[in-house]
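If you're matching positions, the sequence shown starts at 1 in my numbering and goes up one per residue. Structure record follows, encoded as structure tokens.
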Amino acid sequence: EVQVEAKPAVAEAKEEVKEEQLAEVQVEAKPAVAEAKEEVKEEQLAEVQVEAKPVVAEVKEEDKEEKLAEVQVHAKPAAAEVKEEVKEEKLAEVQVHAKPAAAEVKEEVKEEKLAE
């Protein structure tokens, strides 16, 4: 009779002990779980960074190439304009030097014709 009456109380006590032990294990496990999660995050971050580096480098290279192409597009007309200005300056310089020489040649031709 005592055993029959005691069985539910024993079962209840065992359940309470289990719950206390579980709570204790959870308290002790929390820092370890948190640490493990942090390590996983760091590993994932490192992995993402390793995977991202070549992509970032490729994007930077493409950006450089685009900027270079843009500069070249803008520079071509400017370079052509500068070349044209240089040609015009050289032509003007040649004309300045050529005028007296042409006048001199004309004078010599006149003199030769006159002498004839």
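Each residue gets a CB set at the ideal place from its N, CA and C atoms; glycine is no exception. The model shown is predicted, which means the values in this text are computed figures rather than measured ones.
Report the rounded CA-to-CA distance for A46 versus V59, giving the unit in angstroms. 20 Å
V73 versus E51: straight-line alpha-carbon distance, rounded: 34 Å
So for E116, helix, strand or coil by DSSP? coil
Distance, E20 Cα to V40 Cα: Between V40 and E20, the C-alpha separation is close to 30 Å.
K7 versus V17 - alpha carbon distance: Distance between the alpha carbons of K7 and V17: 15 Å.
By how many angstroms is the C-alpha of E28 removed from the C-alpha of A11? 26 Å
Classify E1 as helix, strand or coil using the three-state DSSP reduction. In the structure shown, E1 adopts coil according to DSSP, grouped into three states.
How long is the line joining the alpha carbons of E42 and A34, rounded to whole angstroms? 12 Å
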